[in-house]
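Visitor: Mapping the sequence shown onto our numbering, position 100 (from 1) lands on 96, and the numbers just tick up by one.
Heads up, the beta-carbon is just placed ideally off N, CA and C, and yes, glycines get one too.
After the structure tokens below, expect a handful of questions from me.
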Amino acid sequence: MKKENGKGDELMASNYIRFDWAMKRLLRNKANFAVLEGFLTTLLNEKIVIQKLLESESNQEDEFDKYNRVDMLAENSKGELILIEVQNNNEYAYFQRMLFGTSKLVTEYINRGEGYDKVRKVYSVNIVYFSLGSGKDIVYHGKTEFRGIHQGDVLELTPFQKQTFKVDSVSQLYPEYYILKVNDFNQVARSPLEEWIYYMNTGDIPDGATAPGLDEARQRLKLDKMTKEELSAYYRHLDNIVILRDNIYTERAEGRAEGRAEGLMEGRMEEKREMAHNMKSLNIPLDTISQVTGLSIEEIKSL
């Protein structure tokens, strides 16, 4: 559905609905859980069955968030929490936002008076349509482990803790984070996860794609199944995305231009300072140096 190459690029037409729109409007329907379950099964590499969707205070409904941000909070068959967020806007503090989201869930979904053993596992799945951080990969996974500063060993659970908590490692008790940088994917999909990322990036589902959930997406996320009113709202959404991307591109271009201008000015000032320093070493009067370089007497004295 889209191919981003630069300023003014449009979201190209496709037979299927963009994933972020589907998250907001369609995948919340229990009849469509199979699509989302397939994606999560592919990403987490284990069978995921969504029991129900939960309400979260992080869901926003104002006009900007309707196209900028999508949150979905689900509970899988194990009672674990899965927070899925789609973010189109470039947000510099997004890493901290991920931390805040998982921390909030940990405290929100434990009943007052319950022991810490009742803290629920949280997965934070972040699908970002902007350049987040600096890295070469398109999918990143983060988890918590404790490593000895002297021996370098990883702190493990005792046999009793493993049996009680039904996990094998300490990291399995803590929130885990996944980041999918879908805009950076520009190659042929060679794995089930890459097939999903290709769909998220382009809005198209290749005929040969076999990743779990994509067959259901082919059946349930077709544009021709939308009503006229839904299509109108959907195309407004695409227009908003184009405007948002255009603004981001313009801001970056202006920032680069300003940076070049500032660098040029600083270079010229450095040349003047060097000239003034050399003239000063030759005992040329300060007022003469000032007239030649344009620097103030005070600036020349400080060289």
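(1) Which two residues bound the contiguous alpha helix (DSSP H) that contains Ser99?
(2) Taking the C-alpha atoms as reference points, what is the distance between Pro208 and Phe156?
(3) In the DSSP output, what is Ser120 paired with across the bridge?
(4) Could you check whether Asn122 and Glu81 sit closer than 9 angstroms to each other, using their CB atoms as the reference points?
(5) I'd like to confirm the pairing. Which residues does DSSP put opposite Asp67 in its beta bridges?
(6) Out of curiosity, what's the CA-to-CA distance linking Phe35 and Tyr112?
(7) With a 10 Å radius around its C-beta and 16 neighbouring C-beta atoms as the bar for buried, classify Thr289 as buried or exposed.
(8) Do the region 20 to 29 and the region 210 to 221 make contact, defined as three or more Cβ pairs closer than 8 angstroms?
(9) Closer than 8 angstroms is the cut-off here; do at least three beta carbon pairs connect the region 84 to 99 with the region 124 to 134?
(10) Thinking C-beta only, is Leu49 closer than 9 angstroms to Leu69?
(11) Report the rounded CA-to-CA distance for Arg166 versus Tyr105, giving the unit in angstroms.
(12) Start and end of the alpha helix (DSSP H) containing Ile293?
(13) From Asp203 to Lys218, what distance separates their C-alpha atoms?
(14) Could you work out which residue in Lys162, Ile175 and Glu152 is closest to Arg116 when comparing CA atoms only?
Guide: By the coordinates alone:
(1) Sequence index remark: in the sequence shown, residue 99 carries index 103 (1-based). Counting along the chain, the alpha helix (DSSP H) containing Ser99 begins and ends at Tyr90 to Glu104.
(2) Along the sequence shown, read from residue 1 onward, the residue named residue 208 stands at position 212. Along the sequence shown, read from residue 1 onward, the residue named residue 156 stands at position 160. Whole-angstrom Cα-Cα distance: 36 angstroms.
(3) Against the sequence shown, residue 120 aligns to sequence position 124. Looking at the DSSP assignment, Ser120 forms a beta bridge with Leu79 and Tyr173.
(4) Position 85 of the sequence shown, counted from the start, is the residue given in the question as residue 81. Position 126 of the sequence shown, counted from the start, is the residue given in the question as residue 122. Yes, they are a contact pair.
(5) Stepping through the sequence shown from its first residue, residue 67 is reached at position 71. DSSP output for Asp67 lists Glu81 as bridge partner(s).
(6) Position 39 of the sequence shown holds residue 35. Position 116 of the sequence shown holds residue 112. C-alpha separation (whole angstroms): 30 angstroms.
(7) The residue given as residue 289 occupies position 293 in the sequence shown. Per the 10 Å Cβ criterion, buried.
(8) yes
(9) yes
(10) Numbered from its first residue, the sequence shown carries residue 69 at position 73. Numbered from its first residue, the sequence shown carries residue 49 at position 53. Yes, they are a contact pair.
(11) Sequence index remark: in the sequence shown, residue 166 carries index 170 (1-based). Sequence index remark: in the sequence shown, residue 105 carries index 109 (1-based). Note on identity: in this sequence residue 166 is Val, with Arg being the wrong assignment. Taking the straight line joining both Cα atoms gives about 20 angstroms.
(12) Counted from its first residue, the sequence shown places residue 293 at position 297. Element bounds for Ile293: Ile293 to Lys297.
(13) Here residue 203 refers to the residue found at position 207 of the sequence shown. Here residue 218 refers to the residue found at position 222 of the sequence shown. Distance between the alpha carbons of Asp203 and Lys218 is about 14 angstroms.
(14) Sequence index remark: in the sequence shown, residue 116 carries index 120 (1-based). Of Lys162, Ile175 and Glu152, the residue nearest in Cα terms is Lys162.
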